[in-house]
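Encoded as structure tokens, the structure appears first; notes follow it.
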Amino acid sequence: MCGIVGYVGPRPALDVLVPGLEGLEYRGYDSAGVALIGSDGLAVTKTAGRMADLVSALESQPVQGSIGIGHTRWATHGAPTTGNAHPHRDCDGSVAVIHNGIVENWAALRQQLLATGHEFSSETDTEVIAHLIEERAGLSLADAVREVMKLAEGALAIAVVRTDEPDRIVAARRGSPLVIGRGQGENFLASDIPAFLKHTKNAIAVDDDRVVEMTADSVAITDLDGNPTPIAEREIEWDLEAAEKGGYSTFMLKEIYEQPTAITDTLRGRIDGTGRIEFSELDLDTKIVRMIDKVFVVACGTSYHAAMMAKYAIERWTRLPVEIDIASEFRYRDPVLDDRSLVIGISQSGETIDTLAAIRYAQAQGATVVGLSNVVDSALARDADAVIYTRSGPEIGVAATKTFTTQLVMLQLFGLYLAQQRGALDPGTVGNLVAAIQELPQTVERALKLEDQIREMTTEWSETRDFFFLGRAGDFPVAMEGALKLKEIAYVRAEGYPAGEMKHGPISLIEKGVVVIGVATDSHVRAKTLSNMEEMKARGGTIVMVVEEGDEDDVASVADHIIAVPDSPDLLCIVNAVVPLQFLAYHVATARSLDVDKPRNLAKTVTVE
Ligand code: F6R
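So for the sequence shown, our numbering puts the first residue at 1; every next one is plus one.
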């Protein structure tokens, strides 16, 4: 949660900080602020509300300096007020700190600092860092930050400026993302690359428990004892245009339309000329792949819906038993894990703290962890024993779209890879499914053509408050995802439910005015889902059926609306079926004039438990 940016160099720092923060608003947007060191010392400007409010404040009270830090906040400790907005200062105003994460022992540290006479001006956990640095005024800023990092518990990415070292920013990371952008005679830092991509493509991912000292001409990284550590710089392949809206009215719509390309990019290099699946980055011993006797998949939110699909795919194709868990629940049920367990952690951001905690727990029990992430060098990627990347490019809209469909594709491919490596499926079957997976960019492209039909359909629902999304087997995760998308961006009640379970209670909620969307693309269970939908129709529900092209006649008698998606074999059709439900949520939300890219109360990366 929260976005941080820093700049040192010859330009007016605000010219970098403000656009950088605007690009990071998806990480939190309840308040924002900047601190600059200029000829008049340290100036801090901050406001409750969005970046636009900060920009107005800076217009009415301009500040200057060519070194600065900036922050956009998603509140954890303390209400989203101007006083709680970052940066936070020490007692005499010579230190300014921005922070993403939570200082878990902040209450005890605050008590100690109050007892020694420090005065606090906010309710945040972050402010303790400013006062702890103030206490170490005799040390260099970097030494002070190293000491403070040893004292502070929890997830932190911080950046600090101090007036007696006006040429540098000192930053540190544990658990929350921090990337350095290396320029020519200028340097940048941020929670995420798009914040500085306009200025440089050279990025350095900072590891946990590292302290970065950055001037205009130098970047030095040490461990918490001050020992220099190697710097691995890499060139970012995507450009800023990829992180901007590219002509669409919202990031979410752009990202929905990017799905065919994202799937193509994700598949690139994963299938050789003979149809064999290869994961060159997957550093997983074949012996381990053969030895596994159980698979667990852990994830949160939309990524959990990908986990639901993974269970069907891996069990169906490898015959290995698969358990799936919402990551925040995993540790508490005392799962039975050992060195024959494979745990797949799915997180597009790779920074979701519950998922990280779940995989670390699994590793401690001896399990092998494979991470599936969209962000290169994310915490998940680094902590897992092996990693697979989706290659969706940056996803700015808070609602996951292209990262979800690429997760589905990668998990299908990974399920087939396990089957291939373990000899669980005959090569011909693997080959046919792989060939069908390679068709998915085209089938998804065709599914995108459904937008007009869906926009038209949703005009009837501007006042509708209740939606159900029903499905069985592989269609059930699609239903769950359809409901989550609608809830999160359109703020209406939407339940995803197994179609066959409705009669055990929720059917009492069905009456005239309730919209029931039945997903029935899986031929194994289609007839049963259809009878459940007849039950919903009999109780007055408005029925929408999502089926494969060619199956429209079978559902004509029950459906008020039919959405026909391109067919793909086995579980692959799930990828096509998700697309119209993304549009459905999108158009219900935009018809209500809601900000689909930044739905209320949400943040793109969830780094709190
Ligand atoms: C929904 C959504 C969230 C995320 C969840 C996990 O559209 O985006 O439910 O899926 O917060 O995020 P990652 O995948 O980054 O771990």
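A virtual CB, placed ideally from N, CA and C, is assigned to each residue, including glycine. All figures in this text were calculated on a predicted structure; none of them were measured in a lab.
Distance between residue j and residue i (C-alpha atoms, nearest Å)
i: G513; j: T459; result: 14 Å
i: S303; j: A591; result: 27 Å
i: A115; j: M309; result: 54 Å
i: L197; j: G117; result: 43 Å
i: F476; j: T72; result: 37 Å
i: V336; j: A195; result: 42 Å
i: R446; j: M51; result: 37 Å
i: D377; j: P177; result: 10 Å
i: Q420; j: V434; result: 11 Å
i: I133; j: S392; result: 40 Å
i: M480; j: Y497; result: 7 Å
i: E523; j: Y26; result: Checking the sequence shown, residue 523 turns out to be Ser, not Glu. C-alpha separation (whole angstroms): 39 Å.
i: I288; j: L413; result: 18 Å
i: T126; j: N100; result: 9 Å
i: R465; j: R493; result: 6 Å
i: E315; j: D560; result: 35 Å
i: M214; j: D283; result: 33 Å
i: A130; j: P87; result: 9 Å
i: T222; j: V211; result: 5 Å
i: S341; j: A436; result: 29 Å
i: A384; j: V343; result: 9 Å
i: T200; j: A216; result: 13 Å
i: P506; j: G518; result: 15 Å
i: A107; j: A57; result: 31 Å
Where residue i sits in the DSSP three-state scheme
i: I231; result: coil
i: T405; result: helix
i: D239; result: coil
i: G428; result: helix
i: H648; result: Absent from the model: residue 648. The displayed extent of the chain is 1 to 609, so no value can be given.
i: A297; result: A small fix is needed here, since residue 297 is Val in this sequence, not Ala. Here V297 sits in strand by DSSP.
i: K46; result: strand
i: A172; result: strand
i: V387; result: strand
i: V478; result: helix
i: I489; result: helix
i: R110; result: helix
i: I133; result: helix
i: I396; result: coil
i: I510; result: coil
Outcome for residue i when other beta-carbon atoms lying within 10 angstroms are tallied against a minimum of 16
i: E548; result: buried
i: E488; result: buried
i: R526; result: buried
i: Y332; result: exposed
i: T286; result: exposed
i: P62; result: exposed
i: N227; result: exposed
i: K649; result: Summary: the structure shown does not reach residue 649, with the chain confined to residues 1 through 609, and so no result is reported for it.
i: N601; result: exposed
i: S31; result: buried
i: P569; result: exposed
Identified DSSP bridge partners for residue i
i: V516; result: F468, I543
i: H99; result: I158
i: I563; result: V546
i: I221; result: V212
i: V369; result: V343
i: A205; result: V179
i: G41; result: G38
i: V5; result: G70, A190
i: H86; result: For H86, which the question treats as bridged, DSSP gives no partner whatsoever.
Unbroken beta strand (DSSP E) run spanning residue i, endpoints
i: L572; result: Where L572 is concerned, there is no enclosing beta strand (DSSP E), given that its DSSP letter is neither H nor E.
i: P187; result: It should be noted that the sequence gives Asn, not Pro, for residue 187. Element bounds for N187: 187 to 190.
i: T443; result: It is not in any beta strand (DSSP E) - T443 instead sits in the alpha helix (DSSP H) that spans 440 to 447.
i: I69; result: 67 to 73
i: Y497; result: 493 to 498
i: M457; result: Run containing M457: none in the beta strand (DSSP E); it sits in the alpha helix (DSSP H), 451 to 458.
i: G9; result: Neither: G9 is in no beta strand (DSSP E) and is coded neither H nor E.
Terminal residues of the alpha helix (DSSP H) in which residue i lies
i: P321; result: No alpha helix (DSSP H) contains P321, which DSSP labels as neither H nor E.
i: L36; result: First-last for L36: 31 to 38, but that is the beta strand (DSSP E), not the alpha helix (DSSP H).
i: K287; result: 286 to 291
i: M252; result: 251 to 257
i: V145; result: 141 to 151
i: L530; result: 526 to 538
i: V606; result: Looking at the DSSP string, V606 is not in any alpha helix (DSSP H), and its letter there is neither H nor E.
i: E59; result: 51 to 60
Residue i at chain B interface by Cβ criterion, 8 Å
i: T81; result: Of the protein chains in this structure there is only one, and it is not chain B.
### Message
I need the residues with a C-beta less than 5 Å from some heavy atom of ligand 3; please give them in chain order.
### Response
Because ligand 3 does not appear in the structure shown, any question about it cannot be addressed here, the ligands present being ligand 1.
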